[in-house]
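What follows is a short report on a single structure.
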Ligand code: ADP
Ligand code: FDM
Ligand code: MG
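Structure below.
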């Protein structure tokens, strides 16, 4: 029906929590049920700014901390007009990381030197080590205290299928809930 908007569903969490797996599954399942849904990810490494971020993450390029923070932010802003347009058109957006990762990762940087020597079972990109991820998790917990946002916590140790069912049901509920509400602004 005219005027119904899509929901903005953001998946946040530490590396390897299962965000990308669940994002893909959710969009597939929503589409299979006849909903309009698109998957986005941040950083979106395919734009000019995104390529710069990508080369920073794989350690091909070094960038000053504030600079890279602003590049991550710019990489989201360059997609905002398109995101708004899609939401207004009734398309639900499933977003693999958003501004919360921006805050959590930048604020975790105070420990980067202390943890630089450690490498657990994470990958080889920048930030992929357990003490850094621990700080990121603490920062996410603080951000989730903001009750103006509708956070739901998932137990990432559950099976992919169980998590998918839970997330799909929350997504459907949210899509119903927001369909007649105007778009809000983050942190305003
Ligand atoms: P993220 O995007 O949060 O970094 P991924 O979705 O890429 O995480 O998942 C990281 C790895 O863990 C992948 O190999 C994926 O298949 C696996 N995985 C994802 N979710 C689960 C789960 N619930 N249980 C076990 N393994 C999982
Ligand atoms: N990341 C992601 C940031 O540091 N700031 C941000 O604003 C965003 C969106 O980039 F280490 C970090 C988080 C992670 C890396 O990894 C991207 P994935 O695997 O593409 O999610
Ligand atoms: Mg991922």
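Residue numbers (the working numbering): 8 to 195. All residues carry an ideal CB built from backbone N, CA and C; glycine is no exception.
For the alpha helix (DSSP H) assignment, the uninterrupted runs of no fewer than 4 residues enclosed by the segment 60-94 are, from N- to C-terminal side, 72-84.
Under DSSP, the beta-bridge partners assigned to residue 48 are 103. DSSP, reduced to helix, strand and coil, places residue 174 within a helical segment of the structure shown. With a cut-off of 7 Å, the C-beta of residue 150 is classified as distant from ligand 2, since no heavy atom of the ligand falls inside that distance.
For residue 108, the shortest C-beta to heavy atom distance toward ligand 3 is 7 Å or greater. With contacts defined as CB atoms closer than 8 Å, residue 163 and residue 25 qualify as a contacting pair. Checking the DSSP bridge columns, you'll see residue 16 partnered with 101.
Ranking 166, 134, 176, 146 by CA distance to the CA of residue 22 puts 134 first. Taken from the Cβ of residue 58, every heavy atom of ligand 2 lies 7 Å or farther away.
Looking at the backbone, the Cα of residue 169 and that of residue 102 are separated by about 20 Å.
At least one heavy atom of ligand 2 falls within 7 Å of the beta-carbon of residue 64.
Note on geometry: alpha-carbon atoms of residue 158 and residue 131 lie some 30 Å from one another.
Annotation: the continuous alpha helix (DSSP H) that includes residue 28 extends over 26-39.
With a 10 Å radius around the Cβ and a threshold of 16 neighbouring Cβ atoms, residue 99 comes out buried. Exposure of residue 58 is indicated by the presence of fewer than 16 other C-beta atoms within 10 angstroms of its C-beta.
Between the segment 51-65 and the segment 12-22 there are fewer than three inter-stretch CB-CB distances shorter than 8 Å, so the stretches are not counted as touching. For residue 112, the CB contacts under 7 Å within the same chain, skipping 5 residues up- and downstream, are 134, 143 in chain order. Annotation for residue 96: no alpha helix (DSSP H) segment contains it, and DSSP assigns it neither H nor E.
Annotation for residue 104: 49 place their beta carbon closer than 6 Å to its own, counting only its chain and skipping 5 residues before and after. In this structure residue 79 does not touch residue 107 by the C-beta definition: roughly 12 Å separates them, more than the 8 Å allowed.
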